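Okay, so here's the structure we're looking at.
Numbering (the UniProt record's numbering), first residue to last: 1 to 121.
Have a look at this one:
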């Protein structure tokens, strides 16, 4: 994958952060003022979960990566100051999760992310 031309966003770091389950590596890709909107069965489009700043985002990532599950970066596309990626996850009991994210970049860091996720029920 590598770094996109004209951008400092490093998709290799994204892959390592997701697949090695290291919240700190993944958090390093976010700007201090980043915002994430999470949309799923529990936080639907009219009332998404919104996290502001690296502290809130870091707490969410610490929670997610403390769970007994595997994560895989399926695909990532970077074009200018935008990127999109797909992540698949699997809990130890076999429950699967799929997350799709659209992100906006500034100086190679994520400043906005909208993540839509679905899981087996």
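We treat Cβ as the ideally placed atom computed from N, Cα and C, and that holds for glycine. Note that the coordinates shown come from a computational prediction; the quantities given were computed from them, not determined experimentally.
{"Query": "Identity of the residue in 42, 52 and 101 nearest residue 78 by Cα", "Result": "101"}
{"Query": "Pick from 99, 40 and 95 that is closest to residue 68, judged by C-alpha positions", "Result": "95"}
{"Query": "Whole beta strand (DSSP E) elements within the region 74 to 118, 3-residue minimum", "Result": "82 to 91 and 96 to 106"}
{"Query": "Simplified DSSP state of residue 23, which is helix, strand or coil", "Result": "helix"}
{"Query": "Cross-strand partners of residue 41 (DSSP beta bridge)", "Result": "Bridge partners of residue 41: none, in fact."}
{"Query": "Close beta carbons around residue 70, own chain, < 6 Å, minus the five adjacent residues each side", "Result": "90"}
{"Query": "Straight-line Cα distance separating residue 51 from residue 44", "Result": "15 Å"}
{"Query": "Assigned secondary structure, residue 56 (DSSP; H/G/I helix, E/B strand, else coil)", "Result": "helix"}
{"Query": "Residue burial classification, residue 8 (beta-carbon count within 10 angstroms, cutoff 16)", "Result": "exposed"}
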